[in-house]
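Numbering (our numbering), first residue to last: 4 to 352. Every residue gets a Cβ at the ideal spot worked out from N, C-alpha and C, and that includes glycine.
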C-alpha cells in the first residue's frame, strides 16, 4: 500500500477535528503532518486536548501558514460558511489534494437551497458542483473517484441509513415521515454556549431549531434521490445531556408492506456492510452500543397504529456521524481497506 499518506486537519481544536486526530493517530496508513486552529495557533494539541498527552503531533498553526503542496489529504472541521473559501484556497495551492469536508458547505447540490438555509450565496460554486455526497454506503464508487467529498451531518447519516433503502424499495410513504432525533452536546461544537453549560443542559432534554434545522434539506435531498421525487420530512432535533451519541426514531407509513418487510429490506441492503448492523426482531438499538465506534445499529418495530412502523437508528455523532465516516471515505479515495483505522469496539459502559 506504499508509504503513509500525509494528512492535514483544518479546525483541529474542535470536537470533530479532535476525533479525527484520535482515529488517524493509530491509522496504519496515515501520518498527521499539519494541524490548524487559528485561535490556538502556537499551542500543542496536548495543551488544547490533554488526552493527547502521549502523542507526538505537529503544533497548531494558522491555516494560511501550511504548505498544502506537501499533503495528500486534508480533513476540514471548520464551521459552515468559513469552509468554502478556505477549501477553495487549499485546492488552488494543491489541485491533487483529497478534501474530506466535515462541514455543511458542500452537502447541498442546489445552490438556491443552500442560500435559503444558510443565509448567503455559496462562495465556491465551481466546487459545490464537483463535491460528492459522502454517505459511504450509498456513494462508494463516486467517493473513490472524488477529489472533494462532502461528508454528511450526524443527523442525516443516522436518518438516511435507516430510511433510504426503504424509500428506494417503495416500502414506505415518503410523504409521511416523522423523524424524532436526539444528540449529545458535542453536536453543538466546542464553543461556549449558554444552552450547553452543564447546569443548563444537564438533567434536561431540549428541542431546538424546531421546523428550521439545516439538516432537514440534506435529509430531504437524499430521500428524494432514492424515491425519485421531491420529499419533505418532519424533522425535530433534541439536545440530550450526554457527550456523545445520537438516536433517531423515524415514524413511517407503510406502502402495503409489513414491519418484517422493512427489516428484511434493511438486512439485504446492509448484508455486506462492515459498519451498519440491523438488529434482530425484538432488539432495540441503543447509543451505548456504538459509543466511540464507527458502527451503526438499526431496528424496526411495528407501531400499534395500523399500517405504520417505527425505525430506530443510532450512531456516535463524532465518529460515524463525522470523523469516522470521513476516514472511511478517505480509505476509499486512496484504495485502502475501507475499515482501516476504524474497527474500534464501542466503549461500554
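Beta-carbon separation (whole angstroms), residue i vs residue j, contact threshold 8 Å
i           : j           : result
residue 164 : residue 301 : 6 Å
residue 320 : residue 190 : 5 Å
residue 75  : residue 100 : 7 Å
residue 340 : residue 332 : Their Cβ separation, rounded to whole angstroms, is 13 Å, which puts residue 340 and residue 332 out of contact at 8 Å.
residue 304 : residue 315 : 7 Å
Terminal residues of the beta strand (DSSP E) in which residue i lies
i           : result
residue 237 : 237-242
residue 202 : That residue, residue 202, is in no beta strand (DSSP E); its alpha helix (DSSP H) goes 201-204.
residue 304 : 299-305
residue 102 : 101-104
residue 151 : 151-153
DSSP-derived helix/strand/coil call for residue i
i           : result
residue 78  : strand
residue 188 : helix
residue 34  : strand
residue 210 : strand
residue 313 : strand
residue 94  : helix
residue 43  : helix
residue 166 : helix
residue 284 : coil
residue 113 : coil
residue 339 : coil
residue 8   : strand
residue 60  : coil
residue 176 : strand
residue 86  : helix
residue 263 : helix
residue 253 : strand
residue 308 : coil
residue 269 : helix
residue 348 : coil
Spatially closest choice to residue i from the options, by CA coordinates
i           : options           : result
residue 197 : 101, 55, 242, 344 : 242
residue 103 : 11, 117, 258      : 11
residue 46  : 132, 15, 292, 162 : 15
residue 161 : 66, 218, 51       : 218
residue 62  : 171, 38, 78, 53   : 38
residue 352 : 337, 344, 291     : 291
residue 113 : 274, 227, 259, 81 : 227
residue 225 : 98, 28, 159, 279  : 159
residue 393 : 130, 202, 157, 91 : The question about residue 393 has no answer here: the residues shown for the chain are numbered 4 through 352.
residue 94  : 236, 30, 73       : 73
residue 89  : 27, 141, 118, 40  : 40
Distance cut-off 6 Å: residue i Cβ against heavy atoms of the ligand PLP
i          : result
residue 99 : With respect to small molecules bound, the structure shown includes none, and the ligand PLP cannot be examined in it.
Residue i: first and last residue of the uninterrupted alpha helix (DSSP H) it sits in
i           : result
residue 18  : 18-27
residue 139 : 139-147
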